[in-house]
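Visitor:
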Amino acid sequence: MSIKAKPKGIPLLGEFVYFRSILTAASMEYTPREIEKKWKAYWDTHQVYRVSHQSDKPKFYVLDMFPYPSGAGLHVGHPLGYIASDIYARYMRHKGYNVLHPMGYDAFGLPAEQYAIQTGVHPAKATAENIARYRTQLDNIGFSYDWNRELKTCDPAYYKWTQWIFLQLFEHYYDLDADKALPVSELVARFEQSGNEKVRAAGTPHAGFSASEWKTMSPKQKDDVLMNYRLAFRQVTYVNWCEELGTVLANDEVKDGVSERGGFPVERRPMLQWLLRITAYAERLLHDLDTLEWSDSMKKMQSNWIGRSEGAQLFFPIDGSDKKIEIFTTRPDTIFGATFMVLAPEHDWVKGLTSPEHEESVAAYLKYANARSERERMAEKEITGVPLGSFAINPFNGEKIPIWISEYVLKDYGTGAIMAVPSDDDRDYKFARHFGLPVIEIIDKSAYPGATRQDKVGVMINSGFLTGMEVPEAIKTILNRIEEKEIGKRQVNYKLRDAIYSRQRYWGEPFPVIYDPDGVAHPMKEEDLPLELPNLEDFQPSGGGKSPLARHEEWVDLPNGWRRETDTMPGFAGSSWYFLRYMDPHNGEAFASPDAIHYWKDVDLYIGGTEHAVGHLMYARFWNKFLYDKGLVPVIEPFKKLVNQGMIQGVIEYMYLQKEKVDGVSRFVSAEMVGDKEDAYARIPIHVEYVEDYGSPHSYVGIKGIEQFIEWRPEFVDAIFECAQGVYQKGVFTSRNGGKSSHLVTVSEVGKMSKRYFNVINPDDVVNEYGADCFRMYEMFLGPLEQAKPWDTKGIDGVSKFLRKFWGLFFNDQGEWDISEEAPTREELKTLHLCIKKVREDLERFSFNTCVSGFMIATNELRRLNTNKRSILEPMAVLLAPFAPHVAEELWHRLGHDTTVVEAKYPEWDETHLLEDSVTYPISINGKKRATIDLPVGMPVPEVEKAAMEMQAVQKWLEGMTVRKIIVVPNRMINIVAN
RNA sequence: GCCGAAGUGGCGGAACUGGUAGACGCGCUGGACUCAAAAUCCAGUGAUGGCAACAUCGUGUGGGUUCGAGUCCCACCUUCGGUACCA
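As structure tokens, then:
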């Protein structure tokens, strides 16, 4: 019996194994249940995995990405990375490192709040239950976590420091001269001295002011000015607003422009929110990628996300007005080809630039664009836009060009306005073609065949003083001219946007901020932290886009008339710094003690999914850099080495349900009958365990499966099930044309493992049947860590057999423990040392799957050799310990040790045991293998050539041909080129 | 759309630096053991042709570089992850 998502209450093979073990001599049978239970208890009582920073050993920090404890519990995909990191952590410990390997929970978040809205269960309660379930599931797998360091972001003792770091961000600005964060108090001192003219800081554009102007400002005015500088600041940004639900929605909750819940319209609405000025760190976030041992693709994703581009800020005068539109362009050289301008629909000036005759069409377009999500707008499937009816003047040739608005220009990128050059930009070109706008060729690319529209190559034509120049020269020239004419300047632009940090939600960290009656934001005092999240019973949003907290007036309104911030922090708040808290998780005086931080420093190995490539990893790097600027952490990057695990997918099985009922009865049909009439049927996902051969093209439900299905969905008790060769209805199978097959073929699809597809496979069930050691090794054996792969329990038998065989090496044919102290043979030593080499080398390159096959090969070989020598088997047990710690511990103790195998020294290989006398060369003729020959290792090349040429099989192939060349790669291959 | 990744037997995958494609495991086929089944053990297993030796084809598709390409280059197809408020 193999496990498919196991229905509750069905006894599994594991119980049978257990039962059998009681009847047989307990010493010989491999009984993972007993062994694993025993050693888990041992590790726990001896606190084997507890670590301290007070150590003389070198440190090593292995971290898993913070899990969010979802209501569905862990499925077999989650532990993949945890197992890999656990194996590596154990390996490093065997190598003598003091290994920090902690685990905890990213416990604030939207799902718990949605669940609360639907069921009334308090998020704190649901989260605590989910965490408890996760913990049980994790414990089942035998991880080497130091559970004394467990974290929960929703714990006030933890979020006290999340709030504290937020306040530090609030109290700092980014000084471009110092190239680091400095206190706002210093900025204020400079304003008092000389206004903001000499200040070079990352900030929101705003007017200049003098010292005396600063001094006359009201507190509210000063607060507004400082918001342009603070690293945590308030600004108006757009949110997905759903009027019907009275709430702001996550992009995730919006599907095709309507809310996923209820299908109500969603529009983009401006709202005053907190943001973090991550853009201040853009350059450093980009530059420091070079110092990281991350995959090139991951670095590339981050660097593309940051999206640094060099170009020019340029002002275009508006016809009939003294206003000038600011744009950013990376191609100032193409300005003579600019035939129109495009503004984002949200651009502040749209209203003012709309001429009376265009008011109607512009209003209609704004309404359209407003209902479109940012994602849809960027996807550029259709070309939309309207002219405003006003014109800009090209500052170089004085041409009047029309101003349009279109959704492909985004408010938050650059200045929200572009000059459109259809000849040299694809999107501009498509837009011009669609609306019949002129295209002026300005670059002759005839010397560069194959160059695309956007490529920066060619010779300028039709371009005034630029005509005749090559593009790079033209760019330089025009930049200089722009600066001379003072109509703009060189500028570096980033695609990276500041991070919106407000959520109109309950289940998150409260902001430690209070507003005075003027609306000036004041930080809470450090000694008053944490500001605890008050208890609520109703989690429906408050009116006007406010968080549920806004209804809790006693909490919001302070006795002195000041008010609390009612928004809460986003999910990434707690996870942006948790790796630091693990270093010193119980500290009440600081987020972690300097001692601990200076010992553990940074994460040496970080394992998690690529889905965090640009979110969490960017924010965490940003926070770390800020804390570095403050002198609070010693390293510029928190995650030295990053390994991305692939996602384990599930199989989704569907039955076809005819959309139209037959005489009021539902009708399911076997998939092969559907043919090209898909439209007439609905796909109904069903529990994968009802399906035979699930995942294969022939997967089907039989009578038993149909009956299980009806039990689960009683509304289909009367339904017709049209099988391959007959019909099943109400417990009766009627054959058609004498056929007997009652298979109803289902459609299989690879997809997410999720509650909604009834295909979640719980690791507990697998561990229960096969044991944790087997589960760990099977997860690794499935394939390369980095690759996505579908889960299939079928193959697990191979690993299970391997473990029993490995165990069997220590016993004789009578099932008695039988270990000899004799000296090993040469062959045995070679097998052992080959295995050590394979496992160690593969571990170093995170190739866990090939380690497992290495163990299998060695075990098969040692069985063949009938090995029972301590000198071979004891190192094998230690070698296996990181992968299968329970069975290794059991064997280690049976071998006579009374300390844990966890601390045993990892075996090393000796090349002298691996030397071969001869090598089998393949002989290729013109690249095709035609023969092989055994030759001594290290034979000189001329002799190898001679030996090969003398072979009959070779001569046969060379008949009538002339040998042109013989290529010999020593100890690898021989290739003869002839014609 | 944009950014990133992956496509190898019936299945999961191996081949690390351009050098014997398919290690290891599952499944399947045949055999041993068994009253029988399970478990276990032994043998075979990319496709096509052939009694066989062997030959031809074969790493998503089309092209290219090379003595030699799963691996490098160009174009394309499909699937997956991200796309800024899921975590």
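First residue of the first sequence? That's 2 in our numbering, and the numbers climb one at a time after it.
Don't be surprised by glycine CBs; every beta carbon is placed ideally from N, CA and C.
1. Quick test of the definition: if touching needs 3 or more C-beta pairs under 8 Å, does the region 537–553 touch the region 595–602?
2. CB-CB under 7 Å to H914, same chain, minus the five flanking residues each way: which ones, in chain order?
3. Shortest alpha-carbon distance to K352 belongs to which of P318, K325, L389, E377?
4. Name the two residues that bound the continuous beta strand (DSSP E) containing T217.
5. Give the DSSP-derived three-state secondary structure of V255 in the structure shown.
6. Report the three-state DSSP secondary structure of H613 (helix, strand or coil).
7. Which residues does DSSP list as the beta-bridge partners of I934?
8. Indicate whether Q303 and V615 have their beta-carbon atoms separated by less than 8 Å.
9. Under the assumption that L532 contacts P513 (Cβ atoms under 8 Å), give the Cβ distance between them as a whole number of angstroms.
10. Count the other C-beta atoms from every protein chain shown that fall within 10 angstroms of the C-beta of E114, then say buried if there are 16 or more, exposed otherwise.
11. Would you check if there are 3 or more beta carbon pairs closer than 8 Å linking the region 79–99 to the region 486–504?
12. Locate the alpha helix (DSSP H) running through G1029, then write down its first and last residues.
13. Using CA coordinates, which residue listed in Q274, G961, E244 is at the minimum distance from F265?
14. CA-CA distance, F627 and M877?
15. Determine the burial state of T280: buried for a count of at least 16 other Cβ atoms within 10 Å of its Cβ, exposed for fewer.
16. Would you say H76 and P883 are within 8 Å of each other, going by their C-beta atoms?
17. If we ignore side chains and look at the alpha-carbon of each, how far apart do T868 and A108 end up?
18. List the DSSP bridge partners of H523.
19. Tell me V267's beta-bridge partners as DSSP assigns them.
20. Strictly by DSSP, which residues pair up with W818?
21. Which whole runs of the beta strand (DSSP E) in the region 600–650 are 3 residues long or more, in chain order?
22. Hey, how far is the Cα of L452 from the Cα of A421?
23. Which residue marks the beginning of the beta strand (DSSP E) containing H1047, and which one marks its end?
24. Would you report the Cα separation of P271 and L246, rounded to the nearest angstrom?
25. Below 6 Å CB to CB, which residues in the same chain sit around I967 once its five sequence neighbours on both sides are set aside?
26. Can you list, in chain order, the residues of its chain with a C-beta nearer than 7 Å to that of V49? Leave out the 5 residues immediately preceding and following it.
27. With 16 as the cutoff for other CB atoms within 10 Å, does E723 come out buried or exposed?
28. Got a sec? Which residues, its chain only, sit under 6 Å from Q730 by beta carbon, not counting five neighbours each side?
29. Looking at the structure shown, is K153 part of a helix, part of a strand, or coil, going by DSSP?
30. Pull the bridge partners of C836 from the DSSP assignment, please.
31. Rounded to whole angstroms, how far is the Cβ of K1064 from the Cβ of G97, which I believe are closer than 8 Å?
32. Within 10 angstroms of its Cβ, does F540 collect 16 or more other Cβ (buried), or is it exposed?
33. Rounded C-beta distance between V240 and V249? I'm assuming under 8 Å.
34. P943 and M974: beta carbons closer than 8 Å?
35. For I23, count neighbouring Cβ atoms within 10 angstroms of its own Cβ and tell me buried if that reaches 16, exposed if not.
36. Between N927 and the rest of its own chain, which residues show a CB-CB distance below 7 Å, the 5 nearest in sequence each way excluded?
Guide: On the basis of the coordinates in this document:
1. Counting Cβ pairs under 8 Å, fewer than three are found: no touch.
2. Numbered from 1 along the first sequence, position 913 holds the residue referred to as residue 914. Same-chain partners within the cutoff: L830, K831, H834.
3. Here the question's residue 352 lines up with position 351 in the first sequence. If we check each option's Cα against that of K352, L389 comes out closest.
4. In the first sequence, counting from the first residue as 1, residue 217 sits at position 216. Counting along the chain, T217 sits inside no beta strand (DSSP E); it lies in the alpha helix (DSSP H) bounded by residues 212–217.
5. Numbered from its first residue, the first sequence carries residue 255 at position 254. V255: strand per DSSP, three-state reduction.
6. By one-based count along the first sequence, residue 613 stands at place 612. Helix, per DSSP.
7. Locating residue 934 in the first sequence gives position 933, counting from the first residue. Secondary-structure assignment with DSSP links I934 through a beta bridge to Y922.
8. Position 302 of the first sequence, counted from the first residue, corresponds to residue 303. Position 614 of the first sequence, counted from the first residue, corresponds to residue 615. With contacts defined by Cβ atoms closer than 8 Å, Q303 and V615 form a contacting pair.
9. Here residue 532 refers to the residue found at position 531 of the first sequence. Here residue 513 refers to the residue found at position 512 of the first sequence. Their Cβ separation, rounded to whole angstroms, is 5 Å, which keeps L532 and P513 in contact under 8 Å.
10. By one-based count along the first sequence, residue 114 stands at place 113. By the neighbour-count definition (other C-beta atoms within 10 Å, threshold 16), E114 is a buried residue.
11. Output reads no: the region 486–504 does not touch the region 79–99.
12. With the chain represented from 2 up to 980, any question about residue 1029 goes unanswered, as that position is not in the structure.
13. Residue mapping note: residue 265 aligns to position 264 of the first sequence, counting from 1. Minimum Cα distance to F265 is reached at E244.
14. Counted from its first residue, the first sequence places residue 627 at position 626. Counted from its first residue, the first sequence places residue 877 at position 876. When rounded, the separation of the alpha-carbon atoms in F627 and M877 is 47 Å.
15. Working through the first sequence from its first residue, we reach residue 280 at position 279. T280 comes out buried.
16. As a first step, residue 76 must be located in the first sequence, where it is residue number 75. As a first step, residue 883 must be located in the first sequence, where it is residue number 882. For the pair H76 and P883, the CB atoms are not nearer than the 8 Å cut-off.
17. Within the first sequence, numbered from 1, the residue matching residue 868 stands at position 867. Within the first sequence, numbered from 1, the residue matching residue 108 stands at position 107. For T868 and A108, the gap between their C-alpha atoms comes out near 51 Å.
18. Here residue 523 is taken as the residue at index 522 of the first sequence, counted from 1. H523 has I515 as its beta-bridge partners, per DSSP.
19. Residue numbering aside, residue 267 sits at position 266 when the first sequence is read from its first letter. None, per the DSSP bridge assignment.
20. Numbered from 1 along the first sequence, position 817 holds the residue referred to as residue 818. In DSSP, W818 forms a bridge with F812.
21. Within the region 600–650, the complete beta strand (DSSP E) runs of at least 3 residues are 606–610, 643–646.
22. Taking the first sequence and counting its residues from 1, the one referred to as residue 452 is at position 451. Taking the first sequence and counting its residues from 1, the one referred to as residue 421 is at position 420. Per the sequence presented here, residue 452 reads as Ala, with Leu not at that position. One C-alpha to the other measures close to 20 Å.
23. Past the edges of the chain, shown from 2 to 980, lies residue 1047, and the structure says nothing about it.
24. If you number the first sequence from 1, residue 271 lands on position 270. If you number the first sequence from 1, residue 246 lands on position 245. If I take the Cα positions, the gap works out to 17 Å.
25. By 1-based counting over the first sequence, the position of residue 967 is 966. Correct list, in chain order: E946, I977.
26. As a working mapping, residue 49 is identified with position 48 in the first sequence. The answer, listed in chain order, is T901, V903.
27. Within the first sequence, the letter at position 722 stands for residue 723. E723 should be labelled buried.
28. Along the first sequence, one-based indexing puts residue 730 at 729. So the list reads I721, once near-sequence residues are dropped.
29. Mapped onto the first sequence, residue 153 falls at position 152. If DSSP states are grouped into helix, strand and coil, K153 belongs with the strands.
30. Residue mapping note: residue 836 aligns to position 835 of the first sequence, counting from 1. C836 is not bridged to any residue.
31. Limits of the chain in this structure are 2 at one end and 980 at the other, which puts residue 1064 out of reach.
32. Working through the first sequence from its first residue, we reach residue 540 at position 539. Label assigned to F540: buried.
33. If you number the first sequence from 1, residue 240 lands on position 239. If you number the first sequence from 1, residue 249 lands on position 248. About 5 Å; that satisfies the 8 Å criterion.
34. To locate residue 943, count along the first sequence from 1; it is residue 942. To locate residue 974, count along the first sequence from 1; it is residue 973. No; because the gap between Cβ atoms is not below 8 Å, this pair is not in contact.
35. Residue numbering aside, residue 23 sits at position 22 when the first sequence is read from its first letter. Here the model assigns I23 a pLDDT of 35, short of 50, so the residue's position is not dependable, and the following value carries that caveat. If you draw a 10 Å sphere on the C-beta of I23, you find fewer than 16 other C-beta atoms in it, and that means exposed.
36. For the purposes of this step, residue 927 is taken as residue 926 along the first sequence, with counting starting at 1. Counting only Cβ-Cβ distances below 7 Å, and skipping sequence neighbours, we find V978, A979.
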